[in-house]
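Numbering (my numbering), first residue to last: 1 to 156.
Heads up, the beta-carbon is just placed ideally off N, CA and C, and yes, glycines get one too.
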């Protein structure tokens with residue numbers, strides 16, 4: 001998947017301590033026709049914006065990084081439309097709205113859940129990040145970090 005990062009609801013960073021890159025609806029349509037809603041893992045790469053001057057997002061920011069993604073309606077927040085919210089596991093120095101992002105999904109972690117508290121959701125997000133990092137440590141998956149042809153092939 002790929003697309004221009006757009007502003008979301010602002011919940012990831014502010015309420016959950018987990019900033020996300022939100023993909024436009026047209027970017028997620030191919031995946032939603034083949035996959036169920038849930039939490040996925042893989043790799044992501046943020047690219048420089050397609051127009052305008054390059055933006056310095058910090059050291060190593062345009063490299064390939066692990067990601068965990070929520071694909072669905074986020075029942076805890078009662079979203080009315082399906083979204084893809086990608087948490088790139090890297091500390092960016094600035095927001096990157098308007099940048100293109102490439103995402104390769106390598107596995108499924110769990111279904112979406114409707115939590116009874118924000119704290120329970122935050123605990124599961126932390127677990128999802130641990131599952132992601134442990135899964136991507138396998139040799140079969142590290143090749144996607146080293147061979148970035150998937151990230152370049154998606155850019156128009």
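{"Query": "Pop quiz: residue 38 and residue 72 are said to be a contact at Cβ under 8 angstroms. What is the actual Cβ separation, rounded to whole angstroms?", "Result": "6 angstroms"}
{"Query": "Can you check which of these residues, 150, 120, 149, is closest to residue 16 by C-alpha distance?", "Result": "120"}
{"Query": "Under the DSSP definition of a beta bridge, which residues are partnered with residue 83?", "Result": "72"}
{"Query": "I need the straight-line Cα distance from residue 52 to residue 116, nearest angstrom please.", "Result": "44 angstroms"}
{"Query": "Does the Cβ of residue 1 have 16 or more other Cβ atoms within 10 Å, making it buried, or fewer, making it exposed?", "Result": "buried"}
{"Query": "Identify whether residue 16 lies in helix, strand or coil by the three-state DSSP scheme.", "Result": "coil"}
{"Query": "In this structure, how does DSSP classify residue 37 when only helix, strand and coil are distinguished?", "Result": "coil"}
{"Query": "Give the single residue among 140, 87, 28 whose Cα lies nearest to the Cα of residue 81.", "Result": "28"}
{"Query": "For a quick check, are the C-beta atoms of residue 100 and residue 3 less than 8 angstroms apart?", "Result": "yes"}
{"Query": "Pick from 78, 32, 69: whose alpha carbon is nearest that of residue 41?", "Result": "69"}
{"Query": "Tell me which same chain residues have a C-beta within less than 6 angstroms of the C-beta of residue 97, skipping the five on either side of it?", "Result": "5, 7"}
{"Query": "Going by other Cβ atoms of all chains shown within 10 Å of its Cβ, with 16 needed for buried, is residue 134 buried or exposed?", "Result": "exposed"}
{"Query": "Apart from the five residues on each side of it in sequence, which residues of its chain come closer than 8 angstroms, Cβ to Cβ, to residue 76?", "Result": "113, 114, 115, 118, 121"}
{"Query": "Run the CB neighbour count on residue 152, radius 10 Å, all protein chains shown included, and call it buried at 16 or more, exposed below.", "Result": "exposed"}
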